[in-house]
Amino acid sequence: MHVTNLSLRDFRAYERLDLAIEPGTTLFYGPNAAGKTTILEALFYLATTRSPRAGADRELVRWEAQGDIGTPPFARLLCDVRRSDGKVRLEVIVQRRADDEGQLTGASLKTVRVDRKAVRALDLVGNLRVVLFTPADLALITGAPAERRRYLDVTLSQLNGRYVRTLSHYQKVVQQRNSLLRAWRERRRPLRGADDELAFWDRELALAGSYVLRERMAAVAELNTLIGPIFCRVTAGNTPLLAAYQSSVAGITGTPDERTIEAAFLAHLVRLRDDEIGRGQTLIGPHRDDLLLTMGSMSIGTYGSRGQQRSATLALKLGEAELMRARAGDAPVLLLDDLLSELDAERRAHLLETLAQPDQQTLVTATGIEDFDAAFLARARTIRVEGSKLYPS
Numbered sequence: 003m004h005v006t007n008l009s010l011r012d013f014r015a016y017e018r019l020d021l022a023i024e025p026g027t028t029l030f031y032g033p034n035a036a037g038k039t040t041i042l043e044a045l046f047y048l049a050t051t052r053s054p055r056a057g058a059d060r061e062l063v064r065w066e067a068q069g070d071i072g073t074p075p076f077a078r079l080l081c082d083v084r085r086s087d088g089k090v091r092l093e094v095i096v097q098r099r100a101d102d103e104g105q106l107t108g109a110s111l112k113t114v115r116v117d118r119k120a121v122r123a124l125d126l127v128g129n130l131r132v133v134l135f136t137p138a139d140l141a142l143i144t145g146a147p148a149e150r151r152r153y154l155d156v157t158l159s160q161l162n163g164r165y166v167r168t169l170s171h172y173q174k175v176v177q178q179r180n181s182l183l184r185a186w187r188e189r190r191r192p193l194r195g196a197d198d199e200l201a202f203w204d205r206e207l208a209l210a211g212s213y214v215l216r217e218r219m220a221a222v223a224e225l226n227t228l229i230g231p232i233f234c235r236v237t238a239g240n241t242p243l244l245a246a247y248q249s250s251v252a253g254i255t256g257t258p259d260e261r262t263i264e265a266a267f268l269a270h271l272v273r274l275r276d277d278e279i280g281r282g283q284t285l286i287g288p289h290r291d292d293l294l295l296t297m298g299s300m301s302i303g304t305y306g307s308r309g310q311q312r313s314a315t316l317a318l319k320l321g322e323a324e325l326m327r328a329r330a331g332d333a334p335v336l337l338l339d340d341l342l343s344e345l346d347a348e349r350r351a352h353l354l355e356t357l358a359q360p361d362q363q364t365l366v367t368a369t370g371i372e373d374f375d376a377a378f379l380a381r382a383r384t385i386r387v388e389g390s391k392l393y394p395s
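For the working numbering, count along the sequence shown from 1 and bump the result up by 2.
What follows is the structure, given as structure tokens:
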């Protein structure tokens with residue numbers, strides 16, 4: 003899989019960009035705030051409909067953008083992708099919203115097209131598969147459980163259309179169920195009907211949640227076979243990195259089937275009924291789970307050195323790429339944002355070796371070319387970026 007071209011209009015600092023991208027490795031280099039990261043952000047957005055940096059979609063529209071006559075300003079992203087099963091064109095338009103007086107509001111409207119046909123945002127995901135590496139990925143090891151849940155969700159959503167749809171439904175069920183629980187806690191609804199009303203939402207929660215749990219646990223089991231050897235190679239050691247899925251649903255271990263998970267889920271919800279009403283929130287489920295990462299018996303997030311934590315981050319990301327390659331049959335596009343500056347020489351060499359695979363498309367950003375060896379520079383296309391302008395070397 004590789005992107006053949008990227009077109010941007012009024013996206014971030016780019017008024018216009020039309021970029022042909024070659025199948026191998028492309029290095030974008032230049033000073034900070036030049037527009038390098040924006041190129042990677044655009045591709046990640048086209049793959050996932052989410053920005054790794056923006057708090058809201060409206061932030062993606064260029065500040066100075068002018069809309070067409072009678073319409074608010076908008077950003078347009080488009081790319082063509084060549085895959086093992088053919089070609090596909092992906093397009094997303096993010097448009098600011100205006101009130102009745104024509105003043106821009108904080109809202110935005112997103113339009114998504116695949117091969118020029120309008121689709122739901124969920125249906126775009128998976129047409130382009132990417133793995134994004136950034137210095138902030140250290141939060142996968144040292145950050146909150148939400149970071150590790152997001153890592154699994156981004157990976158699986160790009161591989162499995164049912165997963166992304168089920169996850170979206172599950173999240174809506176949690177919101178609705180929490181709203182009811184808060185209403186009962188605050189006595190805005192009579193408690194006498196709580197059990198009957200919650201029974202419906204319990205079934206919806208367990209049905210969607212059991213699928214999400216099964217898929218996550220299966221992915222973690224597969225990742226375990228990949229990240230251990232990668233970690234040993236990166237650290238030149240013999241103690242592998244191990245991952246274990248920690249479910250908040252009691253009695254769920256290994257890789258059980260959906261029916262087993264659903265039954266355990268429902269039983270646990272019944273036991274927690276009074277506690278959940280008292281706290282006004284859903285206390286178990288995939289939204290409360292974690293991914294435990296250990297080296298030997300040691301939690302690498304708590305006790306690992308900075309170098310070990312960076313190696314674990316690299317192993318997780320390379321493992322994500324290998325999982326996608328194994329399941330989908332072709333390699334995802336790798337997006338490396340100023341990552342090499344954070345790695346020592348040994349980890350840098352291992353990463354660059356991975357990028358040398360013949361079917362691998364990789365886009366790399368850096369402030370300069372001095373961190374790259376001659377072999378890498380000989381095979382990579384280099385483009386200097388300054389002031390959101392591109393200058394091929």
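Beta carbons: idealized from backbone N, C-alpha and C, even for Gly.
query: Rounded to the nearest angstrom, what separates Ala-56 and Arg-275 at their Cα positions?; result: 37 Å
query: Which same chain residues end up closer than 6 Å to Pro-394 when comparing Cβ atoms and leaving out the 5 residues on each side of it in sequence?; result: Ile-385
query: So Phe-46 packs on Leu-134, CB below 8 Å; how close in whole Å?; result: 5 Å
query: Does Met-3 come out as helix, strand or coil in the three-state DSSP assignment?; result: coil
query: Excluding five sequence neighbours on each side, which residues of the same chain lie with their C-beta closer than 6 Å to the C-beta of Leu-2?; result: Nothing about residue 2 can be reported from this structure: the residues present for the chain run from 3 to 395 only.
query: Would you check if there are 3 or more beta carbon pairs closer than 8 Å linking the region 264-280 to the region 341-353?; result: no
query: Between Leu-2 and Ala-317, what straight-line distance do the alpha-carbon atoms span, to the nearest angstrom?; result: No answer is possible for residue 2: the residues shown for the chain start at 3 and end at 395.
query: Any heavy atom of the ligand GTP closer than 7 Å to the beta-carbon of Tyr-213?; result: Within the structure as shown, the ligand GTP is missing, as the structure has no ligands at all.
query: Three or more beta-carbon pairs under 8 Å between the region 302-315 and the region 221-237, yes or no?; result: yes
query: Could you pull the DSSP bridge partners for Gln-248 from this structure?; result: Asp-292
query: Going by the beta-carbon positions, is the gap between Leu-325 and Leu-215 smaller than 8 Å?; result: no
query: Would you kindly work out how many angstroms separate the C-alpha atoms of Pro-258 and Tyr-213, rounded to a whole number?; result: 11 Å
query: Just to check my reading of the structure: Leu-365 and Thr-28 have Cβ atoms closer than 8 Å, yes? What is that Cβ distance to the nearest angstrom?; result: 5 Å
query: Go ahead and label Glu-24 buried or exposed: buried means 16 or more other beta carbons lie within 10 angstroms of its beta carbon, across all protein chains shown.; result: exposed
query: When we look at the beta-carbon of Thr-284 and count the other beta-carbons within 10 Å, is it buried (16 or more) or exposed?; result: buried
query: Assuming Gly-104 contacts Ile-229 under a Cβ cut-off of 8 Å, what Cβ separation, rounded to an integer in Å, is found between them?; result: In fact, because the Cβ distance is near 53 Å, the residues do not count as touching under 8 Å.
query: Under the DSSP definition of a beta bridge, which residues are partnered with Val-96?; result: Ala-77, Lys-112
query: Leaving out five residues on either side along the sequence, give the residues of the same chain with a beta carbon under 7 Å from the beta carbon of Ala-330.; result: Arg-131, Leu-161
query: Please report the distance separating the alpha-carbon of Lys-38 from that of Thr-369.; result: 9 Å
query: Taking a contact to mean a Cβ-Cβ separation below 8 Å, would you say Ser-53 touches Leu-62 in this structure?; result: yes
query: For a test of the three-state rule: what should DSSP assign to Asp-276, helix, strand or coil?; result: helix
query: Pairs of beta-carbons, one from the region 163-181 and one from the region 196-212, closer than 8 Å: are there three or more?; result: yes
query: Quick one: what does DSSP say Phe-30 is sitting in, helix, strand or coil?; result: strand
query: Using only CA atoms, which one of Cys-81, Arg-98, Ser-86, Arg-99 lies nearest to Leu-92?; result: Cys-81
query: Measuring alpha carbon to alpha carbon, tell me which of Arg-281, Ala-246, Lys-112, Arg-381 ends up nearest Val-362.; result: Going by the sequence as given, residue 362 is Gln instead of Val. Closest option to Gln-362, Cα to Cα, is Arg-381.
query: From Ile-286 to Val-251, what distance separates their C-alpha atoms?; result: 6 Å
query: Flag this pair as yes or no: are the beta carbons of Gly-163 and Pro-288 separated by less than 8 Å?; result: no
query: Please determine, among Ile-279, Thr-157, Ala-246, the residue with the shortest C-alpha to C-alpha distance to Ala-180.; result: Strictly speaking, residue 180 in this sequence is Asn, with Ala absent from that position. Out of Ile-279, Thr-157, Ala-246, Ile-279 has the C-alpha closest to the C-alpha of Asn-180.
query: Pop quiz: Val-83 and Val-90 are said to be a contact at Cβ under 8 Å. What is the actual Cβ separation, rounded to whole angstroms?; result: 5 Å
query: Where does Leu-372 fall in DSSP's three states?; result: The sequence shown places Glu at residue 372, not Leu. Looking at Glu-372 - three-state DSSP - the assignment turns out to be coil, as it is neither helix nor strand.
query: Since His-4 contacts Val-335 with CB under 8 Å, what's their CB separation in whole angstroms?; result: 6 Å
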